[in-house]
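So the sequence lines, in the order shown, correspond to chains A and B. Terminal number for the first sequence in my numbering: 845, no gaps in between. Terminal number for the second sequence in my numbering: 902, no gaps in between.
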Amino acid sequence: MELAFWTYEGPTHMGALRVATAMRGVHCLLHAPQGDGYADLLFTMIERRPARPPVSYTSFQQRDLGRGTADLIKDAARAAYERFRPEVLLVGESCTAELLQDQAGALVRSLGLPVPVLPLDLPSWSRKETWGASETFHRLVRALLKPRAPAPGTPRPNRAPGQCPRANLLGPIALGFRCRDDITAVSRLLAAIGVKVQVTAPLGARPADLLRLPEADFNICLYPEIAESTCVWLERTFRQPWVRTVPIGVGATRDFLAEVGRVAEDEAVAEAAARLAARVDVYAVPAASTARSLEGEGLEAGLYLPRLPWYSHSVDATYLTGKRVFIFGDATHAIAAARIVDQELGMTLVGLGTYLREQARPVREAARHHGLEALISDDYLEVEVRIAEAHPELVLGTQMERHIAKRLGIPCAVISAPAHVQDFPARYAPQMGFEGADVIFDAWIGPLMMGLEEHLLSMFRGDFEFGEVSPAVAEGPPAGNAAASLAASLPEMALPGVAGHSATIRPEAVGEPLNEPVWDPQAENELKKIPFFVRGKARRNTERFARERGLATITLETLYDAKAHFGR
Amino acid sequence: MESPESRKFPGTGSFPIACEPGQRQAFCGLAGIVWLHRKMQDAFFLVVGSRTCAHMLQSAAGVMIFAAPRFATAILEERDLAGLADANAELDRVVGRLLARRPDIATLFLVGSCPTEVIKLDLHKAAERLNQALQGQASPPVPGAPALVGTGAPGGTRVVAYSGSGLETTFTQGEDHCLEALVPALPILPPGQRSLLVVGTLADVVEDQFQRLFDELGIGPIHFFPPRRSAVFPPLGEGTRVLLAQPFLGRTARALEARGGRLLDAPFPIGIAGTWRWFGAAAQAWGLAEDRVAAVLAKPVERAQQALARYRPQLAGKRIAFFPDSQLEAPIARFLHQECGMAILEVGVPYFDRRLMAGEIDLLGKKGRVMGGAPSAQPRPWSPSPPPPAARGEPLSPPLAAPAAPSFALIEGGDVDRQLDAVRTLRPDLTVCGLGLANPLEAEGLTTKWSIELVFSPIQGFEQAADLAELFARPLLRRDRLGV
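What follows is the structure, encoded as structure tokens:
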């Protein structure tokens with residue numbers, strides 16, 4: 278039994294519904310008690326889908342259990358078929374139905390409906406939502422394509438001469454993070470190097486489209502947690518190679534282009550990919566070319582050149598250097614974010630983790646690469662404590678980390694599902710490709726105060742008109758109700774760019790008063806001489822230094838000892 | 419599929435009530451935790467269930483995770499399902515961990531779910547065991563389990579079990595099961611004393627308004643149930659008169675009656691007429707003269723009529739249909755029809771409790787006497803409605819004239835697909851439905867009102883009558899305004 282205040286993932290059948298909802302022509306019959314229909318509102322409210330998800334519930338109640346639910350299941354299956362006329366009918370069971378062992382799948386199959394019936398095996402007591410989505414997609418692809426599998430050892434037929442390489446985009450589903458826009462961004466990117474998208478699935482695909490998957494030359498696994506098992510199966514069965522690099526960030530997109538060039542086995546594509554990748558190298562192109570990319574050169578030709586590299590090189594971005602960033606999310610976005618933070622924004626990674634145990638390995642590897650130990654946990658209380666301990670200046674996470682960061686008074690951007698309604702924006706806002714890289718630059722830097730802004734604030738600090746607290750601070754995140762357990766581990770936090778003592782915030786004191794070291798007047802005075810945009814950090818670090826050494830008073834000596842200690 | 423079984427209830431006049439099988443689109447009783455935990459702020463709700471329960475609760479609670487949650491789920495895992503003894507030990511361990519974190523909890527609710535019901539995990543027994551352990555503090559309740567702490571609350575922590583399972587409860591019925599479970603804990607009202615017990619969660623602001631009016635009327639002492647602090651329970655006995663503030667508390671009412679409470683017949687305090695009769699029922703029980711009551715209620719009634727007049731033109735003549743959701747459908751339909759002049763097309767209710775709804779049916783069925791009818795000269799025990807504004811020299815606005823007798827159907831249960839077809843055919847001006855259906859219907863060009871807001875907003879009483887009307891006027895207004 279696990280005590281959960283909040284869960285990153287829903288039950289397995291929620292994953293199945295995310296696949297069914299993403300597709301067309303698929304309907305899901307879910308054997309589930311009254312109340313499990315709440316799942317609908319996630320699609321219609323959070324993602325603002327204008328149609329109900331394609332699911333019928335058996336809605337069994339206590340009185341149905343006495344007389345057996347077989348007729349209920351059969352009636353519901355017939356009614357769902359008659360009403361929705363799906364091309365494939367999925368049959369799943371929610372957690373309660375699984376306990377009843379009603380064999381809903383077998384019952385529906387026995388009806389002889391004139392449509393393929395695919396029973397799903399969704400062990401709700403041991404697995405979770407993302408696994409359910411991956412499994413549902415995999416089963417659906419396997420069920421439809423297995424009869425068409427060539428004999429083992431049959432070589433892949435050669436592409437007709439003159440035909441451009443074709444790829445499937447696999448993994449986007451309903452309620453995924455920016456899936457809709459990623460498909461557009463990646464399709465445009467592929468078009469720019471001469472690769473055609475054969476099928477995108479599950480999002481927007483019909484079962485008939487899945488039958489065309491083997492016609493593509495290779496697969497692109499956009500979201501490994503959803504599509505990896507399907508890509509592996511397609512490779513084994515149809516000898517389709519697959520692209521593993523997820524194109525999130527400028528560097529990853531360049532690697533992606535290179536990998537597509539290799540996997541497509543097409544010289545023209547490989548050349549075009551290399552040419553495009555070279556054009557986004559800010560050191561390799563003359564200034565005039567950078568200027569042209571800023572003006573949107575190539576857009577008419579379907580070519581998008583990212584501004585991130587130049588923006589990151591511009592002096593305004595200097596203030597990003599070394600900013601401490603904590604990343605937590607699904608594996609795809611967390612791993613990609615780590616690379617962007619480190620190499621493309623020049624910030625410092627102080628935490629990396631995922632709630633997906635199935636994806637622990639690649640996240641652990643990525644964390645090791647950055648000299649960290651990965652946090653693999655689906656207990657948000659643990660995540661909250663770890664974030665507080667790491668003293669980040671920016672948190673990149675899910676909806677839950679948004680709440681955590683708000684409580685701690687740290688800027689935050691959401692980078693991964695589970696996300697809330699505000700992370701399904703009206704505008705085109707991909708994460709993938711060069712377009713996505715620019716969206717990311719804006720979205721992650723936005724919550725921070727800009728360099729020039731910080732600089733001006735510092736210049737006018739002494740002005741009597743200015744006051745100690747800037748408007749940006751006045752609007753800053755309020756100190757929320759910190760959980761009791763958290764307060765003990767939480768030192769005073771400073772907002773970035775916050776001027777002096779008045780604007781530092783303390784989490785609501787819960788429980789025992791903290792044993793805080795006291796500043797002596799001389800040290801306090803000296804602290805005021807430190808430029809205010811680093812003063813909050815200096816104060817925090819000094820107090821931490823004093824606390825760790827059990828010092829009751831912070832003297833001038835302590836201040837400079839701490840400076841030396843943290844300045845390493 | 420079998421055809422809906424129609425039946426007529428005595429006294430329901432022209433209201434056929436059909437009971438319809440089929441797919442439901444409503445929350446289970448666990449959703450009640452979302453408002454119950456706000457009402458009883460020293461209580462904690464621990465659902466014992468599955469990941470689905472936890473996911474449902476956080477989805478229904480939406481933005482409420484901004485606050486430190488006073489609810490959580492003990493998620494059963496495969497190994498818990500293997501053997502019951504194991505599940506009990508695990509539960510004690512989880513409760514121990516929770517109470518260590520939150521020693522200030524006065525009442526810990528163990529909330530049963532569909533899975534606990536199917537595996538027959540007896541939470542009532544578990545509550546008993548935990549109570550003994552918490553009071554005794556002698557030894558861990560189950561060998562191997564950690565000792566429990568949790569006496570941080572004055573008077574210690576009380577553990578109470580109830581079921582919010584979707585197998586037994588629909589949405590607001592969760593509150594019914596919760597309050598029913600608390601009834602045995604109510605202290606005894608000494609014989610010879612009397613009190614009025616107002617039952618059903620109300621917003622604090624509404625409670626305070628009601629308290630003031632009861633004080634002015636000289637009715638009392640008044641107790642509200644559930645109380646704001648779960649450590650302080652109202653007394654109950656032969657002298658208790660029970661007035662239901664919410665229409666979904668059938669089991670609680672029976673439990674209160676079994677301990678001597680007497681249920682007062684009244685409609686629910688929705689709209690001016692409903693609130694008038696609701697206070698009237700209490701006043702009658704206290705033997706107050708009608709003119710005295712009318713004098714006390716005159717001011718709020720007048721204010722409500724004034725405030726409501728603003729929305730009546732926006733709502734009058736508009737056609738409305740209700741999907742089954744919270745049990746508030748019938749009283750709200752009655753209000754919208756009689757006081758706002760709306761035409762009611764179809765009212766779905768999750769279930770029809772004919773006893774609790776008797777006052778509503780009574781109000782609905784006797785059209786001519788409700789709102790706008792001249793005050794009767796005949797001596798009657800109690801007027802069904804406050805005197806209309808005309809009686810006090812104000813102009814009688816047209817919609818106040820009695821609307822045509824309603825001829826809609828009440829549908830119990832309801833097949834969501836059939837109901838969707840119905841609203842697609844009827845094309846109501848406004849459709850009241852749950853969150854899962856609202857956007858899809860909007861996308862089909864139907865204007866909707868989320869029913870969940872009706873549960874979370876203060877809508878009862880005179881001062882809120884216009885607020886309630888505004889909730890229905892807003893989507894219509896918005897639809898008119900949008901030029902895209």
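Ideal placement from N, C-alpha and C gives every residue a C-beta, glycine not left out.
C-alpha gap between residue i and residue j, whole angstroms
{"i": "Phe874 of chain B", "j": "Ala841 of chain A", "result": "55 Å"}
{"i": "Gly735 of chain B", "j": "Cys758 of chain B", "result": "9 Å"}
{"i": "Glu512 of chain A", "j": "Thr321 of chain A", "result": "35 Å"}
{"i": "Gly599 of chain A", "j": "Gly623 of chain A", "result": "6 Å"}
{"i": "Leu230 of chain A", "j": "Arg442 of chain B", "result": "Outside the shown range of chain A, which is 278 to 845, sits residue 230 of chain A, and nothing can be said about it."}
{"i": "Thr835 of chain A", "j": "Ala823 of chain A", "result": "7 Å"}
{"i": "Pro731 of chain B", "j": "Val616 of chain B", "result": "33 Å"}
{"i": "Leu633 of chain A", "j": "Ala353 of chain A", "result": "34 Å"}
{"i": "Val627 of chain A", "j": "Val527 of chain A", "result": "21 Å"}
{"i": "Asp847 of chain B", "j": "Ile738 of chain B", "result": "6 Å"}
{"i": "Lys717 of chain B", "j": "Val711 of chain B", "result": "11 Å"}
{"i": "Gln723 of chain B", "j": "Pro652 of chain B", "result": "34 Å"}
{"i": "Ala756 of chain A", "j": "Gly686 of chain A", "result": "Confidence at Ala756 of chain A is low in this model, with a pLDDT of 34, below 50, so its placement is unreliable and no value can be given for it."}
{"i": "Arg386 of chain A", "j": "Arg773 of chain B", "result": "44 Å"}
{"i": "Asp270 of chain A", "j": "Leu859 of chain B", "result": "As shown, chain A starts at 278 and ends at 845. That puts residue 270 of chain A outside it, with no answer to give."}
Counted within 10 angstroms of its Cβ, other Cβ atoms place residue i as buried (16 or more) or exposed
{"i": "Tyr580 of chain B", "result": "buried"}
{"i": "Pro330 of chain A", "result": "buried"}
{"i": "Lys805 of chain A", "result": "exposed"}
{"i": "Tyr705 of chain A", "result": "exposed"}
{"i": "Arg416 of chain A", "result": "buried"}
{"i": "Tyr769 of chain B", "result": "exposed"}
{"i": "Glu492 of chain A", "result": "exposed"}
{"i": "Val232 of chain A", "result": "Beyond the ends of chain A as shown, which are 278 and 845, falls residue 232 of chain A; an answer cannot be given."}
{"i": "Pro602 of chain B", "result": "exposed"}
{"i": "Asn802 of chain A", "result": "exposed"}
{"i": "Val902 of chain B", "result": "exposed"}
{"i": "Leu607 of chain B", "result": "buried"}
{"i": "Lys543 of chain B", "result": "exposed"}
Host beta strand (DSSP E) of residue i (start-end)
{"i": "Cys758 of chain B", "result": "Looking at the DSSP string, Cys758 of chain B is not in any beta strand (DSSP E), and its letter there is neither H nor E."}
{"i": "Ala739 of chain B", "result": "737-740"}
{"i": "Asn496 of chain A", "result": "495-498"}
{"i": "Cys851 of chain B", "result": "848-851"}
{"i": "Thr658 of chain B", "result": "658-662"}
{"i": "Ala444 of chain A", "result": "443-447"}
{"i": "Ile640 of chain B", "result": "640-643"}
{"i": "Pro718 of chain B", "result": "Not the beta strand (DSSP E): Pro718 of chain B falls in the alpha helix (DSSP H), residues 708-727."}
{"i": "Tyr334 of chain A", "result": "332-334"}
Integer Cβ distance of residue i from residue j, believed to fall under 8 Å
{"i": "Pro501 of chain A", "j": "Thr609 of chain A", "result": "6 Å"}
{"i": "Thr346 of chain A", "j": "Asp379 of chain A", "result": "5 Å"}
{"i": "Leu376 of chain A", "j": "Val536 of chain B", "result": "5 Å"}
{"i": "Pro644 of chain B", "j": "Lys457 of chain B", "result": "6 Å"}
Cβ-heavy atom distance, residue i to the ligand FAD, below 7 Å
{"i": "Ser387 of chain A", "result": "Looking for the ligand FAD in the displayed structure turns up nothing, as the structure carries no ligands at all."}
Partners in chain B for residue i, counting only beta-carbon separations shorter than 8 Å
{"i": "Pro327 of chain A", "result": "Asn857, Pro858, Glu860, Ala861"}
{"i": "Pro288 of chain A", "result": "Ser468, Arg469, Thr470, His473"}
{"i": "Trp402 of chain A", "result": "Ser468, Leu494, Glu495, Glu496, Leu499"}
{"i": "Ala353 of chain A", "result": "Gln441"}
Contact set between residue i and chain A, taken where Cβ atoms lie within less than 8 Å
{"i": "Leu864 of chain B", "result": "What Leu864 of chain B touches in chain A: nothing, since even the nearest Cβ is about 12 Å away."}
Contact list for residue i against chain B, beta-carbon separation under 9 Å
{"i": "Asp313 of chain A", "result": "Cys446, Thr470, Met474, Cys532, Gly584"}
Alpha helix (DSSP H) segment containing residue i, residue limits
{"i": "Cys456 of chain A", "result": "456-469"}
{"i": "Trp868 of chain B", "result": "Unbroken run through Trp868 of chain B is the beta strand (DSSP E), 866-868; no alpha helix (DSSP H)."}
Beta-carbon neighbours of residue i, restricted to chain A and to distances below 7 Å
{"i": "Arg515 of chain B", "result": "Leu280"}
{"i": "Ala490 of chain B", "result": "Leu280, Ala281, Phe282"}
Residue-chain proximity (residue i, chain E), Cβ-Cβ < 8 Å
{"i": "Gln443 of chain B", "result": "This model lacks chain E altogether, as its protein chains are A and B."}
Under 7 Å by beta carbon: chain B residues contacting residue i
{"i": "Thr373 of chain A", "result": "Cys532, Pro533, Val536"}
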